[in-house]
Structures are given as C-alpha cells and as structure tokens.
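The structure under discussion appears below in the form of structure tokens.
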C-alpha cells in the first residue's frame, strides 16, 4: 500500500546541538543525530527520511501495537501477544521467525538492502529478509489482525494509533533497561565505561528521553484501548500477565492452554527458542554476524529485575564514610570517639530532650567524664557552640527547604535515598526499640502520608532537582551496599580527596556491614546515651541500631496487600515527578 497524499508531520526536525554531539563523540558514538518535536526526541537520519510516511500510516481498529523503549521486554510481550492472537499456534510460531510474524514497524527504514544480495541463494532466509526490509506502507498484503512492535514515541507515530488501535505499552526500570541496552550494544562495538554510557542514556541520546516517552503512554493509560504494563510485573507473574493480556484482547482460553503458554514464555525456554532469540540480528550481514560471534550475541539475556546492580544503613553508613575520608582515615580516633560526637546530628538537640530530661541526663553521667563530654556535645545547639573543627561534617534528616538556603548553593551536600519500602521496614524495627508498634499495614499508612519522617518523595525531590550541581552528590543506598568500594571512590572524588588502593581497601573493609555492626563507635549511637530507664526498656526490646543493611529487606513485613498499595503509591509519585518535568 502506497500512501499518495500525506499530511505533514507536525514534529519539527533540528540537528542535534553541538554540545550533545560532543558528548556522544566522547562516548565513542559519532553518529549523525537529530532532535524531533517539542520534546526533543533524538532520532537517526532514517526516521527523518520517512517521518511523513510513518505519521500517515493507516491504522486499523483491530491492529495491536506493542510500544516500548528498547530492552524493555518487547520480545517477550510480542511473542505473547502473537500467540494469544493466533490461537496459541506454537508449531507455526517455531517455524516462522517472530520478526516475520510481528513486524518491527520502523526497522525497514534503517536501510540494509545489501542483505538481499547476501541471501539470494537461501530462499527461506531471503523470504524473511525481504519481509523485514519492506516498508510497512508498501506492503500489498496484511493479515486480518496486524500485530506491530515499535520503539518510536507515540507522538511520532500516526495520531490515530492511540485513539483507535489496541495499544500495549511496556515500561521497565530505567536502570535495568540501561544495563540491558549496554550489554546489547556490546554485540556491535566497544562500549564506553558504564558511567559515561549512563550519561548519554539519561540525556535521551540513545533511545530517546525515557520519562517523556513513557509519559505519553501513561497519560492515556485509562483508555479502554490501552494497556500499560510494567516489565517487572510481567516477569514476576507471567500467568497473571497472560490472563490480563487475554482479557484486554478479548480472547478466552482454557486453564491448560494458559499453563502451556506460561511454560512457553518462561525465560529458560524463551532463551532456547530460535524463533525469538537473535531476532533481526541473525539476519545481519555476514561481516556483522562474525563480529558478534566474537562478542557474544545472545539477544535474550537474563530476563531479570534489578540486573543494573551488576553495573550501578544509609545515614550512619555515609556519615562514617565521609568522616573517615575527611579525616585521613584515622580509624584509631574513629574507634575512640563516638560518631555522634565526630559528626553532629544537626537538629538532634532541638527535639530529643526537654529541659527536665537534659538536667536528669547530665546528672546521671556526672561521674563519667568521657560520657559526659559526649552528652554535652550532642545536647548543645549547633548555633550555640563556641568551637568548630576546620571541616565541619553534619548529618540531618530535615528537608533542604527547612535548612539554610545557602546550604544547597555553597556547602557540599551528599543526599542518600533508599527504596521507600526498605526505609519503612527499617524505621518500623527502629521504632520498636522505643514503643509498641501497630500492625505494619497501619504503620505503612502513616509512613505513606508523611506523618513519621515527612513526605518521602517531596523530601527526595528537593535534592533530585539540584543533583547536577557540582556541590551535590545524589546517591542511592542500594548502590552503596552493592559496591562499597566504588561508592568510596565516588565520595573521595566528590570531596577532592586522594588515597592509595590499600587505603581504599581498608576503608571498604571497615565499612562492611558485619564490621559496622560490631563497631561500638557507630552502633547504638545517640540512644546508648539515653536515660538509664529508657536504656533498660530497650534491653528487653532488642536495641541493635545497625540492623541488616540489606536491599529488599521490606519483604519480611510486606503482605501482598501492603506491597500492592506501596507499589501503587510509588508509581503515582514517580508519575507526578515526571509531570513536574523531572529529567
């Protein structure tokens, strides 16, 4: 079908600014790129050539479109949808490559005509190559139900698509997506260090701006013809996903048929399925296939959540690390002097003790000069102190907007954020040292409302908004515990400090959670200096200030109901951040 009269694609095209081109060149990718539309989506010349044809492609109401950014479970969802739409014809699925059954809508625009000559003596391969190199608007025949996959943003596709066709959009944790894309790129060329790759990914120079693209689908997720899905939910419960997609597509199957498709879609079987693995790239030129053989060319990789951790107790952990880095790694002094005295908790003296309790605490410790010195230190309001060290290190749980405005502009700020579910569980256990806690579901309710520590996402957003400032280091707790040594090096660089490899190794060992738990200088912290009666109460409750230091510790307390609520809240809050132009 050839479209004769084309509406003009309203998305303006501009060359990629020189600053961004230079970033790509430094990352070893000196590509010719353009920015398209008001959201500055980055595209290759092939899109520019065919942008009007793409925009005008006729949409049918019974079309099914699978839209994603790359490496987001596209192949998984594509195979699932094709099987559901085709009566679970596994035999035909194995015989005919997925790339022929479900066209990658924009693939033919990349222009790889030399493949026709290379495959002219292999009729079966030639048939597939011809199919995938035919522009969709030039086909003469279509199946009754067309299933397409595309990585283009919805705003660059025909406007009728989001209104009339059945659209399935899959989004994945951007960190996992970037890690998968990084490994994928290694099949073709030498990748830069991952930190440099992440910079190009975050700027939208590889696949397009992640949140802007996802937001286009998120904004229409309530339409009856749209199904918005998270990759993490798919791999967590494949059977439920299949049932959801069947319902969306108006298809009904028996339990045994659903079970069979679930087994078919299992990652171990999927990886062995020659019809879906390797995909378009098995039909590349001999030269490119030979290169990939040397690099490793498995198109279907792990199919796991949190794979970014291969490449990618928050306050106390970071506080001890920073103090050691700023003080020439003086471990001896660190063991002798409590962390609460070395690094003041800025607002602590304002709320922990009233005057009566202060007086009682000082009196209780009058005969212990060393303890008394520490207690006086943390009971003194910071603005009433008469002496300060040359480099002052503070910790605070206050939101940046409640602290001096100069802080975020002039001081060096390290902000650590943790998965809110893990934060809540850790805080729940922490609170049990002092009071009887309610059932966790009830506790989560007040945590989510910001009644315990303040509103989680608003607090984090204030730091996130200034994360690109040179004086700000924004760190994820999960990255700290996954790779302590890399975190130490990052903090050293941020603070302008240089140490030998052996010194870095020594600090990494010092910071290991097993050693950290045993370190009396940091464990117990302020609460070891409480009144005798309060310490006695905690003895019966368990008073270990440093607990597990683990990622995903929340799983011990979260019931499915609480986790579902938590995930919904997190999803909504992240969406609000997107709507507020967090980039």
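Residue numbers (the working numbering): 833 to 1415.
Glycine is no exception: its CB is placed at the ideal position from the N, C-alpha and C atoms.
Starting from residue 899, follow its DSSP beta bridges and name the residues at the other end.
Position 67 of the chain shown, counting from 1, holds the residue named residue 899. Residue 899 is bridged to 982 and 1001.
Using the C-alpha atoms, what's the distance from residue 1074 back to residue 1091?
Within the chain shown, the letter at position 259 stands for residue 1091. Within the chain shown, the letter at position 242 stands for residue 1074. Each residue's Cα considered, the two are about 10 Å apart.
I need the DSSP call for residue 1394, collapsed to helix, strand or coil.
For this step, residue 1394 is matched to residue 562 along the chain shown. Here residue 1394 sits in helix by DSSP.
Mind checking residue 895: buried by the 16 CB within 10 Å criterion, or exposed?
Along the chain shown, read from residue 1 onward, the residue named residue 895 stands at position 63. Its Cβ being crowded by 16 or more others within 10 Å, residue 895 is buried.
With DSSP as the reference, identify every bridge partner of residue 868, one or two as the case may be.
Numbered from its first residue, the chain shown carries residue 868 at position 36. Answer by DSSP bridge pairing, in chain order: 845 and 873.
Taking all protein chains shown into account, decide if residue 951 is buried (16 or more other Cβ within 10 angstroms of its Cβ) or exposed.
In the chain shown, the residue the question calls residue 951 occupies position 119. Buried: at least 16 other Cβ atoms inside 10 Å.
Would you report the Cα separation of residue 1211 and residue 1171, rounded to the nearest angstrom?
As a working note, residue 1211 is residue 379 in the chain shown. As a working note, residue 1171 is residue 339 in the chain shown. Rounded to whole angstroms, residue 1211 to residue 1171 spans 14 Å at the Cα level.
Member of 891, 1160, 1260 and 911 whose CA lies at the smallest distance from the CA of residue 1101:
As a working note, residue 1101 is residue 269 in the chain shown. When only C-alpha atoms are compared, the closest one is 911.
DSSP-derived helix/strand/coil call for residue 1059
For the purposes of this step, residue 1059 is identified with residue 227 of the chain shown, where counting begins at 1. Residue state, collapsed to three classes: strand.
Thinking C-beta only, is residue 985 closer than 8 Å to residue 873?
Within the chain shown, residue 873 is the residue found at index 41, counting from 1. Within the chain shown, residue 985 is the residue found at index 153, counting from 1. Contact: yes.
Residue 1107: which of 864, 843, 1080 and 930 sits nearest, CA to CA?
As a first step, residue 1107 is located in the chain shown; it is residue number 275 there, counting from the start. Of the listed residues, the one whose Cα sits closest to residue 1107 is 930.
For residue 1021, does the count of other Cβ atoms within 10 angstroms reach 16, so buried, or fall short, so exposed?
Stepping through the chain shown from its first residue, residue 1021 is reached at position 189. Its Cβ having fewer than 16 others within 10 Å, residue 1021 is exposed.
Could you tell me the distance, in whole angstroms, from the CA atom of residue 1183 to the CA atom of residue 1228?
Stepping through the chain shown from its first residue, residue 1183 is reached at position 351. Stepping through the chain shown from its first residue, residue 1228 is reached at position 396. Cα-Cα distance, rounded: 13 Å.
Helix, strand or coil for residue 1400 per DSSP?
If you number the chain shown from 1, residue 1400 lands on position 568. If DSSP states are grouped into helix, strand and coil, residue 1400 belongs with the helices.
What are the start and end residues of the beta strand (DSSP E) that includes residue 1247?
For the purposes of this step, residue 1247 is identified with residue 415 of the chain shown, where counting begins at 1. Looking at the DSSP string, the run of the beta strand (DSSP E) that includes residue 1247 is 1245-1249.
CB residue 871 to CB residue 937, shorter than 8 Å?
Here the question's residue 871 lines up with position 39 in the chain shown. Here the question's residue 937 lines up with position 105 in the chain shown. No.
Under 8 Å, with one C-beta from each stretch per pair, do the stretch 897-905 and the stretch 998-1009 reach the 3-pair mark?
yes
How far does the alpha helix (DSSP H) with residue 961 in it reach, from first residue to last?
The residue labelled residue 961 in the question sits at position 129 within the chain shown. Residues 955-965.
Inter-residue spacing [alpha-carbon to alpha-carbon] between residue 1316 and residue 1322
Within the chain shown, the letter at position 484 stands for residue 1316. Within the chain shown, the letter at position 490 stands for residue 1322. Rounded to the nearest angstrom, the two C-alpha atoms are 10 Å apart.
According to DSSP, what are the bridge partners of residue 989?
Here residue 989 corresponds to residue number 157 of the chain shown, with the count starting at 1. In the DSSP output, where bridge partners are listed per residue, residue 989 has none listed.
Distance between residue 1043 and residue 1293 (C-alpha atoms, nearest Å):
For the purposes of this step, residue 1293 is taken as the residue at position 461 of the chain shown. For the purposes of this step, residue 1043 is taken as the residue at position 211 of the chain shown. Their backbone Cα atoms lie some 15 Å apart in a straight line.
Between the C-alpha atoms of residue 1149 and residue 1235, what's the straight-line distance to the nearest angstrom?
Walking along the chain shown from the start, residue 1149 turns up at place 317. Walking along the chain shown from the start, residue 1235 turns up at place 403. Those two C-alpha atoms are separated by around 22 Å.
CA-CA distance, residue 995 and residue 1057?
Numbered from its first residue, the chain shown carries residue 995 at position 163. Numbered from its first residue, the chain shown carries residue 1057 at position 225. So the alpha carbons of these two residues sit roughly 7 Å apart.
Using 7 Å as the cut-off, classify the Cβ of residue 1160 as near or not near the heavy atoms of the ligand ADP, replying yes or no.
Ligands in the displayed structure: none, and consequently the ligand ADP is not present.
For a test of the three-state rule: what should DSSP assign to residue 1178, helix, strand or coil?
Numbered from 1 along the chain shown, position 346 holds the residue referred to as residue 1178. Three-state result, residue 1178: coil.
Using beta-carbon positions only, say whether residue 1013 and residue 1039 come within less than 8 Å of one another.
Translated into positions along the chain shown, residue 1013 becomes position 181. Translated into positions along the chain shown, residue 1039 becomes position 207. Yes, they are a contact pair.
Alpha carbon to alpha carbon, how far is residue 885 from residue 1400?
As a first step, residue 885 is located in the chain shown; it is residue number 53 there, counting from the start. As a first step, residue 1400 is located in the chain shown; it is residue number 568 there, counting from the start. Computed Cα separation, rounded: 39 Å.
Contact defined as beta carbons within less than 8 Å: I believe residue 1279 pairs with residue 1256. What is the distance between those atoms, to the nearest angstrom?
Translated into the one-based positions of the chain shown, residue 1279 becomes position 447. Translated into the one-based positions of the chain shown, residue 1256 becomes position 424. At roughly 5 Å, the Cβ-Cβ gap stays under 8 Å, so residue 1279 and residue 1256 are in contact.
Hey, how far is the Cα of residue 1088 from the Cα of residue 1095?
Numbered from 1 along the chain shown, position 256 holds the residue referred to as residue 1088. Numbered from 1 along the chain shown, position 263 holds the residue referred to as residue 1095. Taking the straight line from one Cα to the other gives about 11 Å.
Kindly list the residues whose CB is nearer than 6 Å to the CB of residue 1376, restricted to its own chain and excluding five residues on each side of it in sequence; keep chain order.
Mapped onto the chain shown, residue 1376 falls at position 544. The predicted model places residue 1376 with a pLDDT of 45, which falls under 50 and marks its position as unreliable; any figure quoted below should be read in that light. Contacts found: none.
DSSP on residue 1253, reduced to helix/strand/coil?
Counting from 1 along the chain shown, the entry for residue 1253 is found at position 421. It is helical.
DSSP state of residue 1305, grouped into three classes?
The count along the chain shown starts at 1 and reaches residue 1305 at position 473. Residue state, collapsed to three classes: strand.
Residue environment, residue 899, which counts as buried when at least 16 other CB atoms sit within 10 Å
Here the question's residue 899 lines up with position 67 in the chain shown. The residue is buried, with at least 16 neighbouring Cβ atoms inside 10 Å.
What are the boundary residues of the alpha helix (DSSP H) that residue 1013 is part of?
Taking the chain shown and counting its residues from 1, one reaches residue 1013 at position 181. Residue 1013 -> alpha helix (DSSP H) spans 1006-1017.
Assuming residue 1285 contacts residue 1394 under a Cβ cut-off of 8 Å, what Cβ separation, rounded to an integer in Å, is found between them?
Indexing the chain shown from 1 puts residue 1285 at position 453. Indexing the chain shown from 1 puts residue 1394 at position 562. Contact flag wrong, Cβ pair sits at about 18 Å.
Residue 882 vs residue 837 beta-carbon contact at 8 Å:
Taking the chain shown and counting its residues from 1, one reaches residue 882 at position 50. Taking the chain shown and counting its residues from 1, one reaches residue 837 at position 5. No, the Cβ-Cβ distance between residue 882 and residue 837 is not below 8 Å.
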